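>
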Amino acid sequence: MRNHDQFIDRLSASAQPVKRLWPTTWRVIAWVAAVLPSGMLSSWALHGRFTDWSQPGALSALVTLLLAFIIGSGAIAAAFTLSIAGRQPASLKWSLWLSLAWLILNLNNMSFTSSPAGSHQFGEGIHCYLFMLSAGLPMVVISLIGLRRSRSLWPAKSLALAGCGIAFMSSMLLSLCHDTHLHLLDFAMHLAAGVTLIVVTILTGRRWIRL
Numbered sequence: 008m009r010n011h012d013q014f015i016d017r018l019s020a021s022a023q024p025v026k027r028l029w030p031t032t033w034r035v036i037a038w039v040a041a042v043l044p045s046g047m048l049s050s051w052a053l054h055g056r057f058t059d060w061s062q063p064g065a066l067s068a069l070v071t072l073l074l075a076f077i078i079g080s081g082a083i084a085a086a087f088t089l090s091i092a093g094r095q096p097a098s099l100k101w102s103l104w105l106s107l108a109w110l111i112l113n114l115n116n117m118s119f120t121s122s123p124a125g126s127h128q129f130g131e132g133i134h135c136y137l138f139m140l141s142a143g144l145p146m147v148v149i150s151l152i153g154l155r156r157s158r159s160l161w162p163a164k165s166l167a168l169a170g171c172g173i174a175f176m177s178s179m180l181l182s183l184c185h186d187t188h189l190h191l192l193d194f195a196m197h198l199a200a201g202v203t204l205i206v207v208t209i210l211t212g213r214r215w216i217r218l
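Heads up, the sequence shown is in my numbering, so the first residue is 8 and it goes up one at a time.
(1) Apart from the five residues just before and just after Gly132, which ones in its own chain have a Cβ nearer than 6 Å to its Cβ?
(2) Apply the 10 Å Cβ neighbour rule to Pro63 and answer buried if 16 or more other Cβ atoms are within range, or exposed otherwise.
(3) I believe Asn116 touches His190 by the beta-carbon criterion, under 8 Å. Please report the beta-carbon distance rounded to the nearest angstrom.
(4) Give me, in chain order, the residues of the same chain whose beta-carbon lies closer than 7 Å to that of Ala86; leave out the 5 immediate sequence neighbours on both sides.
(5) By the three-class DSSP mapping on this structure, what secondary structure does Leu189 have?
(6) Would you mind giving the Cβ-Cβ distance between Leu53 and His134, rounded to the nearest angstrom? I have them listed as a contact below 8 Å.
(7) Using only the alpha-carbon positions, how far apart do Val147 and Thr88 sit?
(8) Can you tell me where the alpha helix (DSSP H) with Cys171 in it begins and where it stops?
(9) Would you mind stating whether Met176 and Gly79 have Cβ atoms separated by less than 8 Å?
(10) Within 8 Å of any Cβ in chain D, is that where the Cβ of Leu53 sits?
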């Protein structure tokens, strides 16, 4: 095309105003307000009981629940920040330290003794795995919608951070209807569900979250 001015005028006429993104803090608040109710509703069929906070180890379980919420919120905040071109998320060292504290508290609240009802423990582990998946899958959809608003120069990193946030939020919901003590196989299934949610988030979103 030789008439560049005409081409520029045509592009300018078809351009749409860009909607300003909310600040990251408000995006995280909106995300939390959306994912927690959706996660609770989607996992309701697998909800058996509420946690009895009078059990031994209740204090450690409560602290791990709060840590899961903080880590999940921090991870999605980092994902939203990284998805904006030219920005880098704040240092994630504090998230790593909180994650380490979360892991230590869970291990401290775990029973390593073998039980004659091993099949029961396996069944509980599968139930927890399915619970976290059913709670987390709607969160994946909501997260992808939020990330797609800004796209990303680093889609894999943004999606991995979002997946971590989803995994910890699903774990937090599970803590509301789980025994305060854990068994090794049961906790292994919790971790497996978290890894599954991260992988699902990355694989599902990699074709949608990019410039």
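Glycine residues also receive a C-beta, built at the ideal position from the N, C-alpha and C atoms.
The model shown is predicted, which means the values in this text are computed figures rather than measured ones.
So, from the data block:
(1) Position 125 of the sequence shown, counted from the first residue, corresponds to residue 132. So the qualifying residues of the chain are Leu192, Asp193 and Met196.
(2) Along the sequence shown, read from residue 1 onward, the residue named residue 63 stands at position 56. Its Cβ having fewer than 16 others within 10 Å, Pro63 is exposed.
(3) Counted from its first residue, the sequence shown places residue 116 at position 109. Counted from its first residue, the sequence shown places residue 190 at position 183. That pair is no contact at about 11 Å.
(4) Along the sequence shown, read from residue 1 onward, the residue named residue 86 stands at position 79. Counting only Cβ-Cβ distances below 7 Å, and skipping sequence neighbours, we find Leu154, Ser165, Leu168, Ala169 and Gly172.
(5) Stepping through the sequence shown from its first residue, residue 189 is reached at position 182. Reduced to three states, the DSSP call for Leu189 is strand.
(6) Counting from 1 along the sequence shown, the entry for residue 53 is found at position 46. Counting from 1 along the sequence shown, the entry for residue 134 is found at position 127. Indeed, because the Cβ distance is near 7 Å, the residues count as touching under 8 Å.
(7) Locating residue 147 in the sequence shown gives position 140, where the first residue counts as 1. Locating residue 88 in the sequence shown gives position 81, where the first residue counts as 1. Straight-line Cα distance between these residues: approximately 17 Å.
(8) Here residue 171 corresponds to residue number 164 of the sequence shown, with the count starting at 1. Pro162 to Ser182 is the extent of the alpha helix (DSSP H) around Cys171.
(9) Here residue 176 is taken as the residue at index 169 of the sequence shown, counted from 1. Here residue 79 is taken as the residue at index 72 of the sequence shown, counted from 1. Yes.
(10) Absence of chain D from the displayed structure is noted, only one protein chain being present.
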